[in-house]
Structure formats: structure tokens, C-alpha cells
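Just so we're on the same page, my numbering is the position in the sequence shown counted from 1, plus 33.
Beta carbons: idealized from backbone N, C-alpha and C, even for Gly.
Computed from a predicted structure; not experimentally measured.
Beneath this line is the structure, given in C-alpha cells, with notes to follow.
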Amino acid sequence: MAEIIKIAQAFLIALGFGVGVFNNFAPAKLTGAGFQKLVNSVCLGATFIAAIIHASYGDATNLEAIAYYVGAISFLLIRQLHADDKSPFMWMLYALHNIAGLVAVHQFSAGNLTHFAFILSSALYLGVITYAMVLGHYYLVVPKLTVDPLKMSLKWMWAIFAVKLVWSSYGTYLSTDYLAEGTMLGGGYAFNWLMILMRYIWGYVIIFTMSVFTWKLVCLRSTQSATGVLYAMTIFVFIGELISGYLFFKFGMLV
């Protein structure tokens, strides 16, 4: 049960703060208030639920809890006070929820820098793909919206993807004992291999392949088709990062 709670909390941290990092890729003047409200509602909801989960087993007044509260309030204020021309106050809120996200991840990882970097990379990976999916949806609402923000999201996704893949490969190398024939570590030989293969195929191979198709569709300005592919990518990154979270919190495998 403890692992399930940790996996859920890590996923919500990644969804809330991860999506929020990329919130200014698309010019607010072009997307309108509706897009900003949608993105910040996703971030607010995920952060709020993460705070509830934390309070269910931890101290509701410690630094991690405060980081959730600050992040949630920042998302709420950005959602309610959005203006196309961002004021210094709005930029302050944007910086504030990013700082709160870093603090939340640091406290959640108990100050372990390796675990902090691992969870942060997962948040950025999940966040940029989810943000791109939501942004792609808005091309149906604002057909004349430039495709540059979507291209930028994909470029960032590839950069984060490369870091994640190298890290996962190294983490797999460090976990070779779990993959040795006949091992009883983890869930056993067959189970460990199944989970690792699912993590790589769903979390990396399929996502990279789909991202190439998405790029080609975006270059052709076939944004509706690109959005459909991004929806599928979002589902696969959710599955991939949940599997990664399970292997991490259950067995300590950084894949």
C-alpha cells in the first residue's frame, strides 16, 4: 500500500508541476484565456490531490506540504487573474510555482539528490508531452495559431527523452542482478523482464516513434492528426512513468 501511495503522489507531482514548467511556450495572446485556464486547472487539480495524499500519511504543515499549498495557490491565481499581457505579478507567480515544485520534489525524495534528479526528470518528461497534447487540442479552437510552440515542445521532449533514456540504460545496467536468469530478486526473473520491457517499449520506443510522426504532421500543419498522435503519446508516457515509478519505489530500480 505504501508503494501505491508513493507512486500516485509522484505521478501527481509530475503532472502538476511538470506541466506548469512549460506553461509559457505558447503566447497567451494567441491561445486566449481558455487555454491558460485549462492548463492551470490540470496543474491545480494534480497539486491539490498530491497535497491531500501527503496529508494522509505525513505532516500537513511541513515544508513539503507548504510547497504544495504555494504551488496550488499560484496555479489558482494564474487561472483566475490571467491577462494576455503578463504583469510582473503573473511572472512572479510563474516563478513561484516552479520553485515550489522543486522544493516539493526535493522534500518528497528526502533530500537524496539522485532520487531528486530522477523524479524531476520524470516530471519534465511527462509534463512536456502532456502540455504538447493540451496545446495540440487548442489548434482546433484557434486554427491560425502558429505551430512554433508545438515544435518547441517536441524539441524539448527529445532533449529530455535523451537524458531519460541514458539514465534508464545506466539504471538497468546497475540492476542486472534483477535480470539474471533464475533470480528471485524483485518479482522474479520473468516478472522483472516483463516490467523492464514494458517500460522501454511503451515509455521510450513507442513515444519516440510517435514523436517523429507528430513532427512530420506538424510540419505539414496537419495539427488535428498531430493532436491525435499526442493523445496516444500522453497515454503511453503515463503508463511508462507509472511502471518506472513502481520499479523505483518497490525495488529501487532507477529505470
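message: Let me check understanding here. Comparing Cα to Cα, which of Ser258, Phe50 and Ser107 lies closest to Leu157?
response: Phe50
query: Taking Cβ to Cβ, would you say Ala150 is nearer than 7 angstroms to Ala100?
result: no
- prompt: What is the DSSP secondary structure of His115, reduced to helix, strand or coil?
  reply: coil
field: Cutoff 8 angstroms; reference Leu153; Cβ partners in own chain excluding five residues on either side
entry: Leu135 and Val138
- prompt: In this structure, does DSSP put Leu173 in helix, strand or coil?
  reply: coil
task: Grab me the residues of Phe81's own chain with a C-beta within less than 7 angstroms of its C-beta, minus the 5 sequence neighbours each way, in chain order.
output: Ala105
- request: Note down the Cα distance separating Thr242 from Ala93, rounded to an integer number of angstroms.
  value: 42 angstroms
task: Taking only runs that begin and end inside the segment 151-211, name each unbroken alpha helix (DSSP H) of 4 or more residues, in chain order.
output: 181-207
task: Tell whether a beta-carbon distance below 7 angstroms holds between Pro182 and Ala59.
output: yes
query: When the Cβ atoms of the segment 213-223 are set against those of the segment 268-279, are three or more pairs found closer than 8 angstroms?
result: no
- prompt: Are the Cβ atoms of Ala66 and His115 separated by less than 7 angstroms?
  reply: yes
- prompt: With a cut-off of 8 angstroms, do at least 3 Cβ pairs link the segment 247-259 to the segment 226-239?
  reply: no
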